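If you're matching positions, the sequence shown starts at 69 in our numbering and goes up one per residue. Ideal Cβ placement from N, Cα and C applies to all residues, glycine included. Just so you know, these numbers come straight off a predicted model, no measurement behind them. Scroll down for the structure; my scribbles are underneath it.
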Amino acid sequence: MLVIVMVLVAGATSTFAMNPTDYEVFYKLNNASTFNGLVKYLKANSEQAENLKCIFGIAENKIKMALNSDNEIDAEKAMNFNLGNAKNVLSPRQYKKYLAIINLTISNRSEEVLLTEK
Numbered sequence: 069m070l071v072i073v074m075v076l077v078a079g080a081t082s083t084f085a086m087n088p089t090d091y092e093v094f095y096k097l098n099n100a101s102t103f104n105g106l107v108k109y110l111k112a113n114s115e116q117a118e119n120l121k122c123i124f125g126i127a128e129n130k131i132k133m134a135l136n137s138d139n140e141i142d143a144e145k146a147m148n149f150n151l152g153n154a155k156n157v158l159s160p161r162q163y164k165k166y167l168a169i170i171n172l173t174i175s176n177r178s179e180e181v182l183l184t185e186k
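Quick look at the structure:
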């Protein structure tokens, strides 16, 4: 079971190798309506919501600083900070849903870019 979880996390992390501007997905999680919708979707309790708010705030600051200095390595570390801490706060089922939302959002943004660039 642990091996499966590690493979899923490794796969999700490698999936996130992206354009630096796509890291915006992570700092937009702190937007009030986005955050509230995510908490409802994940069915997070109040303690989980409070912890996620803190995690998202710290990750947002780290990602913004990394992107402002054009440092993709630091942006990657900030993303991993977000994912790792969210995993510690959420149940395995909630975390799987969280990863699905992140992947779907990134995928949709990529398709949007492809459609607008033509």
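Cβ neighbour criterion (16 or more within 10 Å) applied to residue i
i      : result
ASN150 : buried
ILE170 : buried
ASN176 : exposed
ALA168 : exposed
Residue i to residue j span [Cα, whole Å]
i      : j      : result
GLY105 : ALA127 : 19 angstroms
GLU115 : CYS122 : 11 angstroms
LYS130 : MET147 : 9 angstroms
LEU110 : ARG161 : 9 angstroms
ASN119 : ASP138 : 28 angstroms
VAL93  : ILE174 : 7 angstroms
GLY152 : ASN136 : 23 angstroms
LYS145 : ASN113 : 27 angstroms
ILE141 : ALA100 : 28 angstroms
Whole-number beta carbon distance between residue j and residue i, since they are thought to touch under 8 angstroms
i      : j      : result
ALA154 : ALA143 : Actually they are not in contact, since the Cβ atoms of ALA154 and ALA143 sit about 17 angstroms apart, beyond 8 angstroms.
LEU158 : TYR166 : 6 angstroms
LYS96  : THR102 : 6 angstroms
PHE124 : ASN156 : Wrong, their Cβ atoms sit about 14 angstroms apart, outside the cutoff.
Sequence ranges, alpha helix (DSSP H) only - wholly within the stretch 112-165, length at least 4: 114-136 and 140-157
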